[in-house]
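Participant:
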Amino acid sequence: MAKAKVLYSVTMSVDGFITGPGGDMQWIRPYLGPNPEVNELVPRIGSILVGRRSHDGDDPYKGEPGEGQAFGGGWDGPIFVVTHRPLADPEPGVTYVDDFAKALAAAKEAAGDKYVNVIGANIAKQCIEAGELDEVFLLYAPAMLGDGTRLFDHPGGHTVRLERISVTETAMATSLWFKVI
Numbered sequence: 001m002a003k004a005k006v007l008y009s010v011t012m013s014v015d016g017f018i019t020g021p022g023g024d025m026q027w028i029r030p031y032l033g034p035n036p037e038v039n040e041l042v043p044r045i046g047s048i049l050v051g052r053r054s055h056d057g058d059d060p061y062k063g064e065p066g067e068g069q070a071f072g073g074g075w076d077g078p079i080f081v082v083t084h085r086p087l088a089d090p091e092p093g094v095t096y097v098d099d100f101a102k103a104l105a106a107a108k109e110a111a112g113d114k115y116v117n118v119i120g121a122n123i124a125k126q127c128i129e130a131g132e133l134d135e136v137f138l139l140y141a142p143a144m145l146g147d148g149t150r151l152f153d154h155p156g157g158h159t160v161r162l163e164r165i166s167v168t169e170t171a172m173a174t175s176l177w178f179k180v181i
């Protein structure tokens, strides 16, 4: 049986930010249009691993159909939220875990032979530091934000080598898919 791969999928501005100031995700709305590569990826996701700040944060689908749902309602399955502040009454399908390694193990088990989709820069960084990130799927949006959350931030620097798997251009964004080496 194949094991789950850990994938960091994210949309990034040209200047390297995945959220705007204060965690703003509304900047992404113009780039949520059709993307065949995203459409092919979504059914290959077996679980989601996300940090509490990203899980509870601004929703690019705010006020739209799909608000509060993964991929705007395009995906349904188990979600594992890494947090030191679990909710007493969690929403259905969401498991709060207070330990990163335990959350990752549970997400991998739940994913089976599909992807564990990582959401959030901090969780992606923890996956990198643990040597557990397999791939990065980056949607490169034609916008500059000037401030916000960086795709990857490691004070003092830390090189993560990537090998390009594919590049796909759409009207909305350019998709870059990498294998972590």
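Residues 1 to 181 in UniProt numbering are what the sequence shown lists, from first letter to last. The beta-carbon is built from N, C-alpha and C at its ideal position, and this holds for glycine as well.
1) How many whole angstroms separate the CB atoms of I119 and V50, which I take to be in contact at a CB cut-off of 8 Å?
2) Which residue's Cα is closest to the Cα of L138: G148, A4, S9?
3) Counting C-beta neighbours from all protein chains within 10 Å, is the total for H158 16 or more, i.e. buried, or is it exposed?
4) According to DSSP, simplified to helix, strand and coil, what is E163?
5) Counting Cβ pairs closer than 8 Å, one from the region 17-26 and one from the region 142-155, do we hit at least three?
6) Taking the alpha carbon of V116 as the point to measure from, which residue in P86, P78, D98, G33 has its own alpha carbon closest?
7) Got a sec? Which residues, its chain only, sit under 7 Å from A103 by beta carbon, not counting five neighbours each side?
8) Could you check whether H154 and K125 sit closer than 8 Å to each other, using their CB atoms as the reference points?
9) If you measure between the beta carbons of D113 and A2, is that distance less than 8 Å?
10) Taking the alpha helix (DSSP H) that L104 falls in, what are its first and last residues?
11) Does the separation of the CB atoms of Y31 and M172 fall below 8 Å?
12) Suppose you measure from the CA of D89 to the CA of R52; what does that come to, to the nearest Å?
13) Buried or exposed, going by whether 16 or more other CB atoms sit within 10 Å of the CB of H55?
14) Can you have a look at I128 and say buried or exposed, based on whether 16 or more other CB atoms are within 10 angstroms of its CB?
15) Kindly indicate which three-state DSSP category F152 falls into: helix, strand or coil?
Facilitator: Looking at the atomic coordinates:
1) 4 Å
2) S9
3) exposed
4) strand
5) yes
6) P78
7) L49, F80, V82, V97
8) yes
9) yes
10) 100-111
11) yes
12) 15 Å
13) buried
14) buried
15) coil
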